[in-house]
Structure formats: structure tokens, C-alpha cells
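For the sequence shown, the numbering used here gives the first residue as 249, with consecutive numbering after it. Heads up: the structure comes next, in C-alpha cells.
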Amino acid sequence: MKILAIDTSTEYCSAALLHGSALIARSELAGQRHSELLLPMVDALLAEGGLALAQLDGVAFGAGPGSFTGLRIACGVAQGLALGADIPVVPVGTLLALAHSSAARKVLACLDARMGEIYHAAYEHRAGSWHETVAPNVCRAVDAPAIEGNDWSGAGSGFATYGRELAQRYGKCLLAVDPAAYPHASAIAELALPLLTAGRGLPAEQAVPLYVRDRVALKMHEQR
249 MKILAIDTST EYCSAALLHG SALIARSELA GQRHSELLLP MVDALLAEGG LALAQLDGVA
309 FGAGPGSFTG LRIACGVAQG LALGADIPVV PVGTLLALAH SSAARKVLAC LDARMGEIYH
369 AAYEHRAGSW HETVAPNVCR AVDAPAIEGN DWSGAGSGFA TYGRELAQRY GKCLLAVDPA
429 AYPHASAIAE LALPLLTAGR GLPAEQAVPL YVRDRVALKM HEQR
């Protein structure tokens with residue numbers, strides 16, 4: 249199975265190529281340069297892997313939640329590549345990708361959502377696959393959904409921005425925290441593999457981002 253994966257949901261831009269058991273990847277702190285960096289990354293990976301776009305079995309992308317602009321970039325690029333090569337698209341949740349990047353069995357995934365909020369979800373790995381215990385949501389750190397157990401690992405920029413609030417919210421539930429973790433295209437490629445193998449790829453035109461939040465800025469009275 250040959251899968252190209254991309255992610256632009258955070259300040260990082262990443263791409264990965266999974267070809268059988270081989271995985272090659274690129275990542276760069278992009279700021280606002282995702283659209284500038286992404287396609288050259290894809291070209292470089294395909295050249296290194298010795299593959300043409302039409303030889304891929306599918307394109308996976310970080311569907312969200314995350315930066316509104318970043319999600320639209322990744323979705324648009326994935327759709328364009330898939331349409332051109334007549335291959336399916338596999339949307340993969342960014343919070344699940346964040347959990348998958350961790351070596352932990354139980355992961356509390358939190359990304360900074362700006363506007364005083366976090367994107368939040370919880371996942372447990374058992375019987376060889378990830379199980380969602382708290383669905384992706386957006387909330388204030390102090391209002392984050394409760395979790396059961398005391399052997400969770402925290403991951404993501406939500407802990408960098410709201411570490412104190414999340415520590416107070418979850419107390420001894422957290423064993424460790426990695427605030428520098430972010431969704432990476434390599435995790436998206438690995439998560440897309442069983443979906444694509446099972447024939448669960450989508451036609452390019454059906455791929456959509458998972459925004460979770462339905463607004464991008466605070467109103468004037470909220471800013472005040």
C-alpha cells in the first residue's frame with residue numbers, strides 16, 4: 249500500500265509517504281507558509297520514494313480540528329492531488345494523530361484553539377487499535393470533559409498554553425505531559441492505512457475538514 253499523507257492543522261507543515269513498511273517524512277515550522285511549503289514537500293517525498301502520483305493508493309490529510317486556514321489548505325491539496333490521480337482520499341482526525349504519535353496507551357490530546365479555548369479529545373489504545381473515550385470538542389481548559397483513571401498522558405499545544413488550568417482540572421490523572429507534541433503526517437499515514445485497506449477511502453469531492461468550532465474570531469464585546 250502506498251499512501252501520501254499531509255498535515256497543516258497547526259503551525260507545523262508536514263508530509264509523509266508510506267510505501268509498504270518504509271515511511272519517509274518531512275516537517276517544518278511553517279508559521280503562515282503552509283501553502284508555500286506543502287507542495288514542494290510532496291514533490292520531494294515522491295521523488296525520494298521513486299513514485300509518481302498516479303502510483304499512490306490514496307492521499308490522507310489531517311482533517312481537524314485545528315487552524316481553519318490550515319485545514320482548508322490540507323483538504324484542498326488532498327482533493328486536488330486525488331482528483332488528478334483518480335485515487336481516494338482519507339480524512340484523519342488531528343487529535344487522533346496526536347495521540348498516535350505518543351508512545352502512551354491512554355492519551356489526552358489537546359491543541360490550543362486560540363480564543364481562550366482548546367481542542368480536546370481522549371483516546372485509549374487497546375486490542376491493537378485506538379478507541380475514542382472523549383470525542384473531539386472545543387472548550388475552555390477549566391471546563392474540559394472529565395476522564396476516568398490516573399494513567400493518562402497529555403499531548404499537544406493545549407498543555408503549553410493552558411498547562412496550569414489542565415493540571416488543576418485533571419490532577420493526578422496525568423502521568424506525563426508533552427506540550428511540544430503536534431499532529432504529524434507520519435501518524436496520519438499510519439492511521440489511514442487500515443482505512444484504505446478496508447476500502448474506506450472517499451471520493452475526493454466528499455472529503456471535508458472537521459472544524460468542531462463554527463467561528464474563527466471573537467466578537468468585539470467578547471474581546472473587551
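Just so it is clear, CB atoms sit at the ideal spot from N, CA and C, and this is done for glycine as well.
Which residue or residues does DSSP assign as beta-bridge partners of lysine 250?
Translated into positions along the sequence shown, residue 250 becomes position 2. DSSP lists His267 as partners of lysine 250.
Pop quiz: valine 386 and tyrosine 367 are said to be a contact at Cβ under 8 Å. What is the actual Cβ separation, rounded to whole angstroms?
The sequence position of residue 386 within the sequence shown is 138, counting from 1. The sequence position of residue 367 within the sequence shown is 119, counting from 1. That belief holds up - the Cβ atoms of valine 386 and tyrosine 367 are roughly 6 Å apart, short of 8 Å.
Contacting residues, own chain, Cβ-Cβ under 6 Å from histidine 348 (five flanking each side not counted):
Reading the sequence shown from its first residue, position 100 is the one you call residue 348. Ala435 and Leu439.
Please state whether DSSP places glycine 411 in a helix, a strand or coil.
To locate residue 411, count along the sequence shown from 1; it is residue 163. Reduced to three states, the DSSP call for glycine 411 is helix.
Is leucine 414 closer than 8 Å to alanine 402 when the C-beta atoms are compared?
Here the question's residue 402 lines up with position 154 in the sequence shown. Here the question's residue 414 lines up with position 166 in the sequence shown. Checking the displayed sequence, the identity of residue 402 turns out to be glycine instead of alanine. Glycine 402 places its beta carbon less than 8 Å from that of leucine 414.
Let me know the secondary structure DSSP gives aspartate 462 once reduced to three states.
By one-based count along the sequence shown, residue 462 stands at place 214. Looking at aspartate 462 - three-state DSSP - the assignment turns out to be coil, as it is neither helix nor strand.
Between alanine 351 and histidine 373, what straight-line distance do the alpha-carbon atoms span, to the nearest angstrom?
Against the sequence shown, residue 351 aligns to sequence position 103. Against the sequence shown, residue 373 aligns to sequence position 125. Roughly 10 Å between the two C-alpha positions.
From alanine 253 to leucine 266, what distance separates their C-alpha atoms?
Indexing the sequence shown from 1 puts residue 253 at position 5. Indexing the sequence shown from 1 puts residue 266 at position 18. Computed Cα separation, rounded: 8 Å.
For the alpha helix (DSSP H) containing leucine 450, name the first residue and the last one.
Here residue 450 refers to the residue found at position 202 of the sequence shown. Here leucine 450 belongs to no alpha helix (DSSP H), and DSSP marks it neither H nor E.
Using the Cα positions of alanine 263 and alanine 330, report the straight-line distance between them to the nearest angstrom.
In the sequence shown, counting from the first residue as 1, residue 263 sits at position 15. In the sequence shown, counting from the first residue as 1, residue 330 sits at position 82. Between alanine 263 and alanine 330, the C-alpha separation is close to 15 Å.
CB of alanine 392 within 8 Å of CB of aspartate 360, strictly
Position 144 of the sequence shown, counting from 1, holds the residue named residue 392. Position 112 of the sequence shown, counting from 1, holds the residue named residue 360. Against a cut-off of 8 Å, the Cβ pair of aspartate 360 and alanine 392 comes out as no contact.
Could you tell me the alpha carbon to alpha carbon distance between alanine 437 and arginine 353, rounded to whole angstroms?
The residue given as residue 437 occupies position 189 in the sequence shown. The residue given as residue 353 occupies position 105 in the sequence shown. C-alpha of alanine 437 to C-alpha of arginine 353: approximately 19 Å in a straight line.
Let me know the secondary structure DSSP gives arginine 417 once reduced to three states.
Stepping through the sequence shown from its first residue, residue 417 is reached at position 169. Reduced to three states, the DSSP call for arginine 417 is helix.
CB of glutamate 365 to nearest heavy atom of the ligand ADP: below 7 Å?
Absent from the structure shown: the ligand ADP. Ligands present: none.
Contact between the region 440 to 451 and the region 296 to 303 is defined here as three or more beta-carbon pairs at a separation below 8 Å; is this criterion met?
As far as the Cβ criterion goes, the region 440 to 451 does not touch the region 296 to 303, which means the pair count is below three.
Going by beta carbon distance, what residues of the same chain come within less than 6 Å of valine 382, once the five residues before and after it are set aside?
As a working mapping, residue 382 is identified with position 134 in the sequence shown. Excluding sequence positions up to five before and after valine 382, its CB lies within less than 6 Å of the CB of Ala369, Ala370 and Pro393, all in the same chain and listed in chain order.
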